[in-house]
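Asks: The structure is given below, and queries will be raised subsequently.
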Amino acid sequence: MPMVMVTTVPGLEDIVAEEVHDMVNVSKVEVRPHGLRGKVIVHLISMGDVEILLEKARSIERVILLLGRERVRKSRSGLKDLYNMAYNIELEEYLSPFTRFAVRAQREGVHEYTSPEMAKIVGEAVINRVRRVYRIRPPVNLDSPVVTVHVEVMDDEAFIGIDITGHRALHIRGYRVYSHPAALNPVIAYAMLKISGVKSGHRVLDPMCGGGTILIECALSIGGVELYGLDINPFHIAGAIKNAKAAGVREKIEFLVGDARLIDRIFKDHTFDRIVCNPPYGVRMSDIEDIKGLYEEFLSGARRVLNSEGILCTITLRHHLLRRISKALGYDIIHERTIYQGGLSPHILVLRPV
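This is how it looks when you write it as structure tokens:
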């Protein structure tokens with residue numbers, strides 16, 4: 000049975016596990032093996048399930064087909080273990096003597112060897128294995144490989160596999176013809192929709208929609224949802240419309256130019272089941288007063304336009320500020336988690352008016 004290691008935004012591993020269970024037949028799912036963030040190992044029933052993940056999964060960034068999994072020593076002798084492990088894998092099934100390849104190595108834990116040493120020794124094993132079969136040495140190309148061999152050592156366990164994602168990671172969606180300057184990773188957008196419990200029949204608003212990522216991900220992954228996108232910048236709304244057209248979901252989303260601080264004047268009371276949004280992070284200290292005012296006015300209006308079972312899901316670096324303001328305005332925080340993206344650690348919060 001095939002086994003794959005999939006990568007995602009650290010902090011969203013449970014979303015991957017849920018999506019994988021819903022999408023394909025699995026015998027086992029290992030979330031954060033050895034505590035390693037951003038990694039999930041999936042034991043599948045057939046190779047057809049691997050193809051389904053590559054074509055349809057929305058919470059995954061890369062897929063590595065695992066070809067070997069063994070115990071290795073943490074001492075220098077572990078490099079010999081890695082060589083033998085790689086040499087005994089039938090890698091000639093995946094690369095010819097004319098296939099450019101590279102080895103990428105990572106490790107987690109305390110070892111007497113480095114990741115570059117791991118990559119070097121596994122590369123030697125691949126070369127010798129292919130040369131033994133074909134009598135020709137395969138070319139190494141670290142900049143533009145056709146095949147990428149991955150080796151990961153987590154404490155005393157090693158994994159070797161082939162990256163089958165392709166040159167473009169799965170989170171790089173083809174529909175993004177307009178790139179918003181603060182675009183949200185579509186994997187995070189999808190996860191926020193799942194965390195907030197969006198389902199068919201809901202009416203959903205993104206009042207700071209930017210390039211439309213959250214709404215487009217919803218239209219592509221959850222059927223029967225009424226979608227509304229608002230942004231104060233007409234240029235971003237025009238870009239969101241372009242992206243929605245490229246994704247083939249333009250008719251499923253209504254876009255409007257408007258201010259998120261005034262949503263209770265734009266929409267009627269109790270209109271929405273869910274509000275899901277990615278407001279400005281406010282990274283600079285000089286932004287703090289602007290962000291504070293935005294949060295106060297937006298959350299005040301959101302209370303009015305959410306229905307009695309309504310939920311608001313947002314992402315922020317200013318989680319202390321958002322937590323304080325939301326409680327002052329009468330929201331319960333029903334879910335909170337930290338994710339790790341681009342060197343930052345934003346929090347996803349789910350709020351319910353009380």
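Numbering-wise (numbering that gives the first Met the number 0), the sequence shown opens with residue 0 and increments by one.
Glycine included, every Cβ here is placed at the ideal spot set by N, Cα and C.
To the nearest whole angstrom, what separates the beta carbons of R106 and E151, a pair I think is in contact under 8 Å?
Replies: That pair is a contact at about 7 Å.
Asks: How is R336 classed by DSSP in three states: helix, strand or coil?
Replies: Looking at R336 - three-state DSSP - the assignment turns out to be strand.
Asks: Taking the straight line between their C-alpha atoms, what separation do you get for H441 and Y330?
Replies: Residue numbering for the chain in the displayed model covers 0 to 353; residue 441 lies beyond these limits and cannot be assessed.
Asks: Using C-beta distances below 6 Å, list every residue in its chain close to L255, excluding the 5 sequence neighbours before and after it, in chain order.
Replies: Answer for L255: L229, listed in chain order.
Asks: Can you tell me which of the three DSSP states H318 falls into?
Replies: Helix.
Asks: Does L343 pass the burial test, meaning 16 or more other C-beta atoms within 10 Å, or should it be called exposed?
Replies: So L343 ends up on the exposed side.
Asks: Could you pull out every unbroken beta strand (DSSP E) segment of at least 3 residues lying fully inside the stretch 130-177, listed in chain order?
Replies: Counting whole runs of 3 or more residues, the stretch 130-177 contains the beta strand (DSSP E) stretches 146-153 and 156-162.
Asks: Looking only at C-alpha atoms, which of A157, E295 and A104 sits nearest to I40?
Replies: Nearest C-alpha to I40: A157.
Asks: Are the CB atoms of I120 and Y82 within a distance shorter than 9 Å?
Replies: Their beta carbons are under 9 Å apart, which means Y82 touches I120 by this criterion.
Asks: Along the chain, where does the alpha helix (DSSP H) that runs through V186 open and close?
Replies: From DSSP, the alpha helix (DSSP H) with V186 extends over P185 to I194.
Asks: Using alpha carbons as the reference points, say which of E225, P279 and V176 lies closest to C208.
Replies: Closest option to C208, Cα to Cα, is P279.
Asks: Give me, in chain order, the residues of the same chain whose beta-carbon lies closer than 7 Å to that of I215; leave out the 5 immediate sequence neighbours on both sides.
Replies: Counting only Cβ-Cβ distances below 7 Å, and skipping sequence neighbours, we find Y174, N242, A243, A246 and V248.
Asks: When the distance is taken between beta carbons, is G37 closer than 9 Å to G10?
Replies: Result yes, Cβ atoms of G10 and G37 sit closer than 9 Å.
Asks: Report the residue from L183, L219, N184 and A190 whose alpha carbon sits nearest the alpha carbon of S199.
Replies: Answer by Cα proximity: L219.
Asks: Short check: CB of V125 to CB of L90, under 9 Å?
Replies: In this structure, L90 lies closer than 9 Å to V125 by Cβ.
Asks: Select from M84, K267 and E18 the residue whose C-alpha is nearest the C-alpha of L65.
Replies: Out of M84, K267 and E18, M84 has the C-alpha closest to the C-alpha of L65.
Asks: On the three-state DSSP scale, how would you describe P352?
Replies: Strand at P352.
Asks: Here's the rule I'm using: 16 or more other beta-carbon atoms within 10 Å means buried, otherwise exposed. How should G47 be labelled?
Replies: With fewer than 16 Cβ atoms within 10 Å of its Cβ, G47 is classed as exposed.
Asks: Would you tell me roughly how many angstroms separate the C-alpha atoms of P32 and K326, rounded to the nearest one?
Replies: Whole-angstrom Cα-Cα distance: 36 Å.
Asks: Would you list the residues sitting across from F421 in a DSSP beta bridge?
Replies: No information on residue 421 is available, as it lies outside the stretch 0 to 353 that the chain covers here.
Asks: Since A239 and G211 should fall inside the 8 Å C-beta cutoff, what is the C-beta to C-beta distance between them, to a whole number of angstroms?
Replies: So it is a contact: roughly 3 Å between Cβ atoms.
Asks: Would the beta-carbon of V186 fall within 9 Å of that of C217?
Replies: No, they are not a contact pair.
Asks: With a Cβ-Cβ cutoff of 9 Å, do E308 and D272 count as a contact?
Replies: Contact flag set, yes.
Asks: Check whether the Cβ atoms of R57 and Y177 sit closer than 9 Å, and answer yes or no.
Replies: Result no, Cβ atoms of R57 and Y177 do not sit closer than 9 Å.
Asks: Tell me whether M284 is buried or exposed, calling it buried when 16 or more other Cβ atoms sit within 10 Å of its Cβ.
Replies: Only weak support exists for where M284 lies, its pLDDT of 45 falling under 50; the value from the coordinates is given anyway. It is exposed - the Cβ of M284 has fewer than 16 other Cβ atoms within 10 Å.
Asks: Does R106 come out as helix, strand or coil in the three-state DSSP assignment?
Replies: In this structure, R106 counts as strand in the three-state DSSP scheme.
Asks: Provide the residue span of the alpha helix (DSSP H) that contains R273, from first to last.
Replies: Where R273 is concerned, there is no enclosing alpha helix (DSSP H), although the beta strand (DSSP E) it sits in stretches over F271 to C276.
Asks: So which of V62, R303, I44 and V275 has the shortest CA-CA distance to P352?
Replies: Of the candidates V62, R303, I44 and V275, the one whose C-alpha sits nearest the C-alpha of P352 is R303.
Asks: What's the gap between the Cα of V62 and the Cα of V102?
Replies: Computed Cα separation, rounded: 15 Å.
Asks: Cβ atoms of D205 and Y227: under 9 Å apart, would you say?
Replies: Against a cut-off of 9 Å, the Cβ pair of D205 and Y227 comes out as a contact.
Asks: Assuming P1 and L43 are in contact, meaning their beta carbons sit under 8 Å apart, how far apart are those beta carbons, in whole angstroms?
Replies: Confirmed, Cβ separation roughly 5 Å.
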